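Using full-length UniProt numbering, you'd call the opening residue of the sequence shown number 1 and step up by one each time. C-beta: ideal position from N, C-alpha, C; glycine also. Predicted, not measured: the structure shown is a model, and the values here were computed from it.
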Amino acid sequence: MATTTNGNGNLVDEFEEAFQSCLSVLTKEEALATMEKDEIKAEVDHSILRFLDLARQMEAFFLQKRFLLSALKPELVVREDTNDLKVELARKEELLKRHHEKIAMWQNLLADLQGWAKSPAGAGAQGPAGSTPGPGPGGPGTPSGMNGAPPGGPSGTPPQATAAMIQQQLQQQQQQQQ
Numbered sequence: 001m002a003t004t005t006n007g008n009g010n011l012v013d014e015f016e017e018a019f020q021s022c023l024s025v026l027t028k029e030e031a032l033a034t035m036e037k038d039e040i041k042a043e044v045d046h047s048i049l050r051f052l053d054l055a056r057q058m059e060a061f062f063l064q065k066r067f068l069l070s071a072l073k074p075e076l077v078v079r080e081d082t083n084d085l086k087v088e089l090a091r092k093e094e095l096l097k098r099h100h101e102k103i104a105m106w107q108n109l110l111a112d113l114q115g116w117a118k119s120p121a122g123a124g125a126q127g128p129a130g131s132t133p134g135p136g137p138g139g140p141g142t143p144s145g146m147n148g149a150p151p152g153g154p155s156g157t158p159p160q161a162t163a164a165m166i167q168q169q170l171q172q173q174q175q176q177q178q
């Protein structure tokens, strides 16, 4: 099935030679100046076809070896598939974990904003103006000032301004995490 053109019969070496031939046709300057376009095109076509033919032969060779391996030692194929599935599962679990953390952070923010909207603006509770981002009572990823306290600090900051400050703090925290 694998026909060889050089004496040693190494398909990989032939494939490499064909690739270098494809490049050399396009990079040799002295031949390009003396050859006509039709000759150059024919030489490029010939070298590309040889390269593609050898690529198909290599693909067939590796598929044949893979088939033999699966027939003689099916446990290796099953083990490889199992490992691939484990890696994929771990990747997806990590992705789900990150999504759950983000969902929890946004749920805490939403609950805090809804709680603050229901309470009076000047209740004298601490606002986020003096807080620092970091893990607070609201859970991981929640700024410490977002613990369910009503909006408005000693200065009586309106809820809209407080919400804007919270959003700025969240954006800063997300940038720091990245």
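Within its own chain, the residues whose Cβ lies closer than 7 Å to the Cβ of Cys22, once the five positions on either side in sequence are excluded, are Ser47, Ile48 and Phe51, listed in chain order. Burial is judged here by how many other beta carbons sit within 10 angstroms of a residue's own beta carbon; Ile103 has fewer than 16 and is exposed. With a cut-off of 8 Å on Cβ pairs, the stretch 106 to 115 is in contact with the stretch 161 to 176, counting three or more such pairs. Inside the stretch 25 to 113, DSSP marks whole alpha helix (DSSP H) runs of 4 or more residues at positions 29 to 34 and 37 to 72, from first to last along the chain.
Ala90 has its alpha-carbon roughly 26 Å from the corresponding atom of Gln175. Nearest neighbour of Asn108 by Cα position, chosen from Met35, Glu39, Leu11 and Leu170, turns out to be Leu170.
One thing to note: Val25 has its Cβ no nearer than 9 Å to the Cβ of Met58. If you draw a straight line from the Cα of Gln168 to the Cα of Leu85, it is about 40 Å long. Taking the CA atoms as reference points, Glu29 sits about 12 Å from Ile40. With a beta-carbon spacing of about 15 Å, Leu63 and Phe15 fall beyond the 8 Å limit used to define contacts. Sixteen is the threshold: when 16 or more other Cβ atoms of the shown chains lie within 10 Å of the Cβ of Ala18, as they do, the residue is buried. Our two residues, Leu95 and Gln173, have alpha carbons roughly 20 Å apart in a direct line. A direct Cα-Cα distance of roughly 20 Å separates Met35 from Gln20. Leu69 sits away from Val78, with the two beta carbons spaced by 9 Å or more.
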